[in-house]
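The block underneath contains the structure these notes are about, expressed in structure tokens.
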Amino acid sequence: MRRSLPRLEQIEAFIEGARGPTFRAAAERCALSAAAFSRRIQAFSDHVGARLFERTAGGARLTEAGRDCLAELEPAYLELRRIAEKVGDRGQRDVTLSLSHSLAVGWLIPRLEKFRARHPDIALTLKTDRGARGVRSGEADLGICFTDIDLTGLDHVDLLNVAATPVAAPAIARAFAEDGLDRYPLLSVTQPTDLWDWWTRSTGRPMPTGQVTRFEFIHALYETASQGLGVAIGSSPTVWPFLEAGRLERIGLPVARFPGGYQLAAAPDRKRRGPVGAVWHWLEEQAAATPQLA
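Using the UniProt record's numbering, you'd call the opening residue of the sequence shown number 1 and step up by one each time.
Following this line, the structure appears as structure tokens:
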């Protein structure tokens, strides 16, 4: 009697589990809970009739049978994925990009006209997500994530540097004195937290005594500051539209640089897809042309 083939999702779970670094990371790449991922691994092991992983202090590693199985299966699995994506690319030109609301409004959206001129055949969908969950689950083809987001198991590169300096409406900026921070309300965002504390530590300046008002969205922060209602921490690259429009100005205080910045990430198999690769390279070009706070 002919033996049935294992289910494709079981093979996918096995291959992702073998890639590591942990079953938890592999489960996220498959958009599964840890329990559901373990069930697929167990079902595939039962189908093969051999124990494929053994537990270790750091998680799990392949047994000899698991290594043999991976060597046989992975090339065929990757070829199957490649063919499916190649066929899909002939008619599918949709790409979904995940990024934070602040970065979308303050950096990407002003550049979308350039993207459409370069790639009129690609329909770009924006998904607001500060983390990498959408990229791991497949809801997004690629994502722009801040340096504090875990990108283990994803292809990723540094994209945008981040620096910050106090900014204010032109009337405040023109009248600003060296000790003027104590005279104005301080404006910041809820995430990252304590930006004013970080800026003072980074620049060696005393912490201002004014009360800090925080905003969930950085665009609301800049709008409030542009109305003359306080001094804001302006961060590149999102502050540039307000600086270039003359709605905000720097007030002559130092620039502090974050130790990390924004990173561009995608699942390795997604990045190879034609339209996704085109968006990836376009984003790198735009980032390289973005001015820096100095």
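Cβ coordinates follow ideal geometry from the N, Cα and C atoms, glycine included. As the structure is a computational prediction, the values presented were derived from the model and not from experiment.
Do residue i and residue j have their CB atoms nearer than 9 Å?
i	j	result
Phe-115	Trp-282	yes
residue 298	Ala-266	The displayed coordinates of the chain run from 1 to 294. Any statement about residue 298 would go beyond what the structure contains.
Ala-36	Ala-27	yes
Leu-187	Ile-251	no
Gly-106	Arg-19	no
Phe-176	Ala-168	yes
Leu-97	Lys-127	yes
Leu-151	Asp-129	no
Ala-50	Cys-69	yes
Mind checking which residues open and close the alpha helix (DSSP H) that includes residue i?
i	result
Asp-197	195-203
Leu-243	240-244
Pro-275	274-288
Tyr-262	Careful: Tyr-262 lies outside any alpha helix (DSSP H), inside the beta strand (DSSP E) at 262-266.
Asp-46	34-48
Phe-14	8-19
Rounded to the nearest angstrom, what separates residue i and residue j at their Cα positions?
i	j	result
Arg-2	Leu-73	Below a pLDDT of 50, predicted positions are generally treated as unreliable, and Arg-2, at 48, falls in that range; no measurement from the model is reported.
Thr-165	Arg-111	23 Å
Gly-230	Gln-211	10 Å
Ala-141	Glu-284	The question names Ala, but residue 141 in the sequence shown is Asp. Each residue's Cα considered, the two are about 16 Å apart.
Asp-269	Val-135	12 Å
Ser-235	Phe-258	10 Å
Pro-254	Ser-33	46 Å
residue 295	Phe-23	Residue 295 falls outside the range modelled here, since the chain spans only 1 to 294, and no answer is possible.
Gly-17	Met-207	48 Å
Phe-215	Thr-290	25 Å
Phe-242	Tyr-222	7 Å
Opposite residue i in the DSSP bridges: which residues?
i	result
Asp-94	Ala-123
Ser-188	Arg-214
Cys-145	Gln-263
His-156	Ala-265
Thr-128	Leu-99
Could you give the first and the last residue of the continuous beta strand (DSSP E) run that contains residue i?
i	result
Val-231	231-235
Ala-60	59-62
Arg-116	Where Arg-116 is concerned, there is no enclosing beta strand (DSSP E), although the alpha helix (DSSP H) it sits in stretches over 112-118.
Pro-166	163-168
Phe-23	First-last for Phe-23: 23-29, but that is the alpha helix (DSSP H), not the beta strand (DSSP E).
Arg-55	53-56
Buried or exposed: where does residue i fall if 16 or more other Cβ atoms within 10 Å of its Cβ makes it buried?
i	result
Ile-144	buried
Gln-263	buried
Gln-10	buried
Arg-29	buried
Ser-226	buried
Arg-273	buried
Arg-40	buried
Ile-109	exposed
Ala-123	exposed
Ile-83	exposed
Gly-260	exposed
Glu-79	exposed
Glu-249	buried
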